[in-house]
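These notes are about the structure you will find just below.
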Amino acid sequence: MWVLTTELDSTEETTKPSRFPVAVWLLLTGELITALGVGLTQPYAVVMLHEVRGISLTVATGIWALGPLTTIVGNAVAGPLIDRRGGRFVMSAGLVMVAAGGLALAYGPGLASAVAGVMVGGLGWSFSLPALATRLAILAPEKLRSRVYTLQYVTFNVGMAVGAALGGIAFSRARPETDTGKAVLPLLWAALALACLVAIVLSLVAGRQLSPKSDSDEVQRGGYRRALGDGTLLRVLGAAALLATIGYGVYSAAPSVMALAADDPAALGWAGVANSVAVVAGAPIALRLAERVSARSALLCTAALWALGWAICIPTVFGAGLSTRAALTVASVLIGFGELLLAGALPTLINGMAPDELRGRYNALSSLALTIGMAAGPLLTSAAAATGSTDYLLYVTVMLAGLASLLLLRNPVRVPSVAPPGDASERDKVPDR
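So the sequence shown is numbered by the working numbering: it starts at 3 and just counts up by one.
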């Protein structure tokens, strides 16, 4: 098998900094194929548990919520594994777990197999995502990291959209509650498992596995202590958690509350379309900005865009300003473009600070911060809906955006300088982990 190494074989790579290494393209291709599988399955997970496995809707919804919970534990475990065994190994192991979890969910007997499938799949994602982020950081030249991460986010969203569209076409001909639909549903998870297998092969081709850089007791036993002792990292993680709360967490729940309160459920459809269009259409702009704007500035822009998006909705809650449909559409566009900026900036910032021997832990902590924010947002929205105080929720989102900006502005983030073209520095020769 032909294998690409991560070391520079000549000075051509450094003299052409605008081109992505072939190994990066292989990993992004695997990401696209995996995203197709996710798009095929994620919208129909609860339906499959109910229609095919015969589980009640209440229990099926509760089971599906277990996946994100396992990612919290998985993120903590993934960091040391990446630093000790390498990103390629952990990424492959995570994708194997995703495939196994999907097959258990679709074909396993009894309730226990469904629960195990969801949890194993969630654990697999918590392994594969920080491992992929670590590998891309090592494979891509530092000047191109933000563009690579932005393209990764766009690639995943495009793949999910195409997968969801294919699933929609399939079930427009055979509804899930029909016998044909019930036969097709488990096949979607088999397709996800196949997509994971293809991504594993591409991951193996993308780079050889070399020994970890350090096996010292300090790294093996005190890695997280060292990482969490970095005050700058803690501020960035805090800002990331706050931004994820308002941009991912609250956005996943608040539009539904606002649309139902205004008796305009169709507003959700318009908002979803607007968000997707913003992500795809805004990608070229975000890729250009990635070359011209620092990662910290991009995160500050994200905070400003998301604060503005929710601020526009405040008069709407009181029956003034824009209609609910228009307000949510505008907010969705702003949030979508902010997603692009954050997707490129946050991992670039994290990997710019990360020592090579702790890179896996830094990326795992970044994933954990985002996971916490995604969980906190719906909880805040639920509390606001229960008390009838949606306006206070929107005020809080604007305040959290301001707090995230203060954390980012407090001290400059330490990002190592990039070696000049033609200088094959030691950092360029870091092994593919």
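Beta carbons: idealized from backbone N, C-alpha and C, even for Gly.
Close-in-space but distant-in-sequence residues of the same chain around residue i (CB under 7 Å, 5 per side omitted)
{"i": "Val150", "result": "Phe22, Val26, Leu138 and Ala142"}
{"i": "Ala333", "result": "Gly311, Trp312, Ile314 and Cys315"}
{"i": "Ala292", "result": "Ser148, Arg149, Thr152 and Gly346"}
{"i": "Leu28", "result": "Leu204, Val207 and Ala208"}
{"i": "Val400", "result": "Ala309, Trp312 and Ala313"}
{"i": "Asp266", "result": "Thr326 and Arg327"}
{"i": "Ala67", "result": "none"}
{"i": "Pro317", "result": "Gly323"}
{"i": "Thr383", "result": "Val252, Ala255, Ala256, Val259 and Leu395"}
Residue i versus residue j - alpha carbon distance
{"i": "Val417", "j": "Ala264", "result": "The predicted model places Val417 with a pLDDT of 47, which falls under 50 and marks its position as unreliable, so this point remains unresolved."}
{"i": "Ser254", "j": "Gly379", "result": "8 Å"}
{"i": "Leu131", "j": "Ala322", "result": "42 Å"}
{"i": "Glu15", "j": "Gly240", "result": "Bear in mind that the predicted position of Glu15 carries a pLDDT of just 37, short of 50, making it unreliable; the figure below should be weighed with that in mind. Cα to Cα, Glu15 sits roughly 35 Å from Gly240."}
{"i": "Glu77", "j": "Gly119", "result": "Checking the displayed sequence, the identity of residue 77 turns out to be Asn instead of Glu. Approximately 18 Å between the Cα atoms of the pair."}
{"i": "Val398", "j": "Ala305", "result": "13 Å"}
{"i": "Val79", "j": "Leu367", "result": "10 Å"}
{"i": "Thr36", "j": "Ala309", "result": "32 Å"}
{"i": "Gly225", "j": "Leu301", "result": "26 Å"}
{"i": "Arg55", "j": "Ala95", "result": "27 Å"}
{"i": "Glu53", "j": "Ala62", "result": "10 Å"}
{"i": "Val238", "j": "Ser296", "result": "14 Å"}
{"i": "Gly390", "j": "Leu381", "result": "14 Å"}
{"i": "Leu230", "j": "Pro70", "result": "23 Å"}
{"i": "Ala101", "j": "Arg87", "result": "21 Å"}
{"i": "Val186", "j": "Ala163", "result": "19 Å"}
{"i": "Lys184", "j": "Tyr46", "result": "11 Å"}
{"i": "Pro178", "j": "Leu270", "result": "23 Å"}
{"i": "Leu410", "j": "Ala280", "result": "25 Å"}
{"i": "Gly169", "j": "Thr43", "result": "8 Å"}
{"i": "Ile74", "j": "Thr247", "result": "15 Å"}
{"i": "Leu189", "j": "Ile65", "result": "20 Å"}
{"i": "Arg175", "j": "Leu51", "result": "20 Å"}
Contact set for residue i: own chain, Cβ-Cβ below 6 Å, skip 5 residues either direction
{"i": "Val319", "result": "Thr392 and Asp393"}
{"i": "Gly1", "result": "Outside the displayed span of the chain (3 to 435) sits residue 1, for which this structure offers no information."}
{"i": "Leu97", "result": "Ser130, Cys198, Ala201 and Ile202"}
{"i": "Asp217", "result": "Low per-residue confidence applies at Asp217: pLDDT is 49, beneath 50, and the placement is therefore not dependable enough to give any value."}
{"i": "Ala406", "result": "Ala241, Leu244, Leu245 and Ala305"}
{"i": "Met99", "result": "Val122, Leu125 and Gly126"}
{"i": "Met260", "result": "Thr326"}
{"i": "Ala276", "result": "Thr331, Ser334 and Val335"}
{"i": "Ala303", "result": "Here the sequence assigns Cys to residue 303, which means Ala is not the residue at that position. The answer, listed in chain order, is Leu343."}
{"i": "Pro19", "result": "Residue confidence for Pro19 is low, a pLDDT of 48 falling below 50, so the modelled location carries little weight; the figure read from the coordinates is stated next. Same-chain partners within the cutoff: Pro143 and Lys145."}
{"i": "Gly89", "result": "Ala133, Thr136, Arg137 and Arg435"}
Anticipated Cβ contact below 8 Å, residue i with residue j, distance rounded
{"i": "Gly39", "j": "Leu194", "result": "3 Å"}
{"i": "Ser369", "j": "Ser128", "result": "7 Å"}
{"i": "Trp272", "j": "Arg327", "result": "6 Å"}
{"i": "Ala356", "j": "Ala242", "result": "Contact doesn't hold; Cβ gap of about 14 Å is too wide."}
{"i": "Leu351", "j": "Arg298", "result": "6 Å"}
{"i": "Leu235", "j": "Tyr364", "result": "7 Å"}
{"i": "Thr377", "j": "Gly249", "result": "Inspection of the sequence shows that residue 377 is occupied by Ala rather than by Thr. The Cβ separation is near 14 Å, so there is no contact."}
{"i": "Val92", "j": "Ala133", "result": "4 Å"}
{"i": "Val48", "j": "Leu59", "result": "7 Å"}
{"i": "Ala166", "j": "Gly41", "result": "4 Å"}
Any non-hydrogen atom of the ligand HEM within 8 Å of residue i CB
{"i": "Leu343", "result": "As for the ligand HEM, it is missing from this structure, which has no ligand bound."}
Close Cβ partners of residue i (< 8 Å) along its chain, the five nearest in sequence each way excluded
{"i": "Leu307", "result": "Leu336, Ile337, Phe339, Gly340 and Leu343"}
{"i": "Ala285", "result": "Thr152, Leu153, Val156 and Leu342"}
{"i": "Gly103", "result": "Ala118, Gly119, Val120, Met121, Val122, Gly123, Gly124, Leu125 and Gly126"}
{"i": "Asp219", "result": "Interpretation of Asp219 is limited by its pLDDT of 48, a score under 50 that renders its predicted location unreliable; the figure taken from the coordinates is listed afterwards. No residues qualify anywhere along the chain."}
Runs of beta strand (DSSP E) wholly within the stretch 241-268 (minimum 3 residues, chain order): Those beta strand (DSSP E) runs which fall completely within the stretch 241-268 and span 3+ residues do not exist here.
So within the stretch 20-56, which uninterrupted alpha helix (DSSP H) runs reach at least 4 residues, ignoring any that extend past its ends? Considered as a whole, the stretch 20-56 harbours 24-43 and 47-53 as its complete alpha helix (DSSP H) runs of no fewer than 4 residues, in chain order.
Entirely enclosed alpha helix (DSSP H) segments - the stretch 136-178, minimum 4 residues: As far as the stretch 136-178 is concerned, its whole alpha helix (DSSP H) runs of at least 4 residues are 147-175.
4-residue-minimum alpha helix (DSSP H) runs that sit fully inside the stretch 307-392, ordered along the chain: Unbroken alpha helix (DSSP H) stretches of 4 residues or longer found wholly inside the stretch 307-392: 326-355 and 361-389, given in chain order.
Which runs of the alpha helix (DSSP H), 4 residues or longer, sit entirely within the stretch 89-133? The DSSP assignment places 89-109 as complete runs of the alpha helix (DSSP H) inside the stretch 89-133, in order along the chain (cut-off: 4 residues).
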